[in-house]
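Below: the structure, in structure tokens.
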Amino acid sequence: MRIAMIGTGYVGLVSGACFADFGHHVTCVDKDASKIAALHRGEIPIFEPGLDALVAANVKAKRLEFTTDLAAPVAEADAVFIAVGTPSRRGDGHADLTYVYGAAREIAAAIKGFTVVVTKSTVPVGTGDEVERLIRETNPAVDVVVASNPEFLREGAAIRDFKFPDRIVVGTSDERGRKVLGDVYRPLSLNQAPVMYTARRTAELIKYAANAFLATKITFINEIADLSEKVGADVQEVARGIGLDNRIGSKFLHAGPGFGGSCFPKDTRALIKIAQDHDVQLRIVEAVLGVNDIRKRAMARKVANLSGGSLRGKTVAVLGLTFKPDTDDMREAPSIPLVTGLLDMGARVRAHDPVGMEQARKELPDIEYCDDAYECAKGADAMVVVTEWVQYRTLDLERLKADMKQPVVIDLRNIYRPEDMAAHGFAYDSVGRAPLPRT
Ligand code: UDX
């Protein structure tokens, strides 16, 4: 099959490389000439474990190409995927569809022969209808099916998620469209991934509903964590105890500093707007967003509390800045309101992140960046773990204690065991578990 992938952002690049790895011929198209030039040099513009090797192997096998010219690959393609950005529109939280509609018009002008145009970007319900209308308006003679095929991959685990998905959702009622997309994903039948065929609008809503549900699950356990701290329960055991019920499931029940990233905050906001446009109020999703925002801002207070109430003139070491491990992505990261809160309370902040410091400097220019976790903790009055990078799990606690001015650790990801922290003489607070106060 021949595939044109429009947009070499996160979803486009990962999907394009994986489709090529399935054996399809894929051309990734982007308007940004510097990005395409970098890809030609073998430089990957995003940090994603394994992606550089996957791209290199498929470029070498001549199954994966990059270009700024949309027309030629679209003319030859059996399927054209739209994977351009849909940022939150400034001011109102709606998804900004300028790039999607722009791509649709350009695709329409270039299509030759029967082609399936697929939206992979997360788009509001009804966008497929508008994409189809725009394509037919631009090129009335076109033989096209417009389908929705939302993507569920997670940053940091994107290739695995793409190759071993829980399900593939194909949204089109057209038999020819279903056949083409069935062929595109046929290699995944080896991994026994179920393909769910449904109507286009339903597929579009599945994506938002999935993200909103996961965001709700996280927010729910975060509130249970707050209660656990007050009543002397352990939220991790509560999560395990409820998660063993198959109806609930154990995943996405890790309490923490609140969700961030490029999808959950943006997509929950957009879903609320979609519902409002249809006179439906999604009270649960609205509450999730509100509770999560407040939570992220409240985390700095946790640091102050364990540090004796005031942070004025104190030095706080922050470990982990990205919104989660294995990515350099700082979008809506809990570290941003945390660090801002610490600075507002008069603290001096030193920080470390294994890959995110370059991105972090843009968001948080007024702090000191350190080469490693020990250097960061040196002389600090308190240390906060914000992102659960694997290297922070195995820090030498004795060395840390010797290097810090005060042995105070606030672990917002519950990566340490309270008994270990007690044994090493740390004052220790985590999420949803009883704190070990300063002695
Ligand atoms: C998410 C969805 O998982 C994915 O299906 C969708 O395609 C895009 O959005 P991503 O944003 O890459 O993926 O990261 P994810 O691993 O889902 O984490 C999102 C946020 O939730 C992070 O800030 C993470 O720390 C937080 N989280 C996740 C928790 O706080 N607790 C959990 O149990 C799980």
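All residue numbers for the sequence shown refer to this note's numbering, where the first residue is -18 and numbers rise by one. Yeah, the Cβ is synthetic: ideal placement off N, Cα and C, and Gly gets one too. Here the structure is a predicted model, which is why all the values come from computation and not from measurement.
Check                                                                                                                                                                  : Outcome
Going by DSSP in three states, Ser421 sits in which element: helix, strand or coil?                                                                                    : This structure cannot speak to residue 421, because the chain is shown only from -18 to 420.
Helix, strand or coil: how does DSSP classify Ser129 here?                                                                                                             : strand
Quick check: the Cα distance between Val371 and Leu171, rounded to an integer number of angstroms?                                                                     : 31 Å
Check whether the region 111 to 119 touches the region 135 to 145, counting contact only when three or more Cβ pairs, one atom from each stretch, lie closer than 8 Å. : no
Can you tell me whether His21 is buried or exposed, with buried defined as 16 or more other CB within 10 angstroms of its CB?                                          : exposed
Output the boundary residues of the alpha helix (DSSP H) element that contains Tyr80.                                                                                  : Thr79 to Ala91
I want to check one thing, is the minimum distance from the CB of Phe240 to the heavy atoms of the ligand UDX below 7 Å?                                               : yes
Compute the minimum distance between the beta carbon of Ser243 and the heavy atoms of the ligand UDX, and state whether it is under 7 Å.                               : yes
Using a Cβ-Cβ cut-off of 8 Å (strictly less than) and excluding sequence neighbours within five positions of Thr179, which residues of its own chain qualify?          : Val150, Val151, Gly152 and Ile187
Measure the alpha-carbon distance for Gly83 versus Val320 and round it to whole angstroms.                                                                             : 38 Å
For a test of your reading of the model: does the CB of Phe233 fall under 7 Å from any non-hydrogen atom of the ligand UDX? Yes or no.                                 : yes
Give the range of the alpha helix (DSSP H) segment to which Phe245 is assigned.                                                                                        : Phe245 to Asp258
Please identify the residue among Met(-14), Gly413, Val(-8) and Arg(-17) whose C-alpha is closest to the C-alpha of Ile205.                                            : Gly413
Could you give the first and the last residue of the continuous beta strand (DSSP E) run that contains Arg331?                                                         : Arg329 to His333
Taking the CB atoms as reference points, tell me whether Asp353 and Gln387 lie closer together than 8 Å.                                                               : no
Just the Cα atoms here: how many angstroms apart are Leu134 and Gly294?                                                                                                : 43 Å
Lys359: beta carbon under 7 Å from a heavy atom of the ligand UDX?                                                                                                     : no
I'd like the list of long-range same chain contacts for Arg278, defined as Cβ closer than 8 Å, with 5 residues on each side in sequence excluded.                      : Pro318 and Gly322
Exposed or buried, Asn286, counting other C-beta atoms within 10 Å across all chains shown (16 or more means buried)?                                                  : exposed
When the Cα of Val36 is compared with those of Ala184, Ile140 and Ile(-13), which residue comes out closest?                                                           : Ile140
For Asn39, tell me which candidate among Gln262, Ala64 and Cys9 has the shortest Cα-Cα distance.                                                                       : Cys9
Can we count Arg135 as close to the ligand UDX, meaning its CB is less than 7 Å from some heavy atom?                                                                  : yes
Sort out for me which residues DSSP pairs Ser231 with in a bridge.                                                                                                     : None, per the DSSP bridge assignment.
With DSSP collapsed to three states, give me the class of Gly360.                                                                                                      : coil
In chain order, what are the residue ranges of uninterrupted alpha helix (DSSP H) at least 4 long that sit wholly in the region 174 to 203?                            : none
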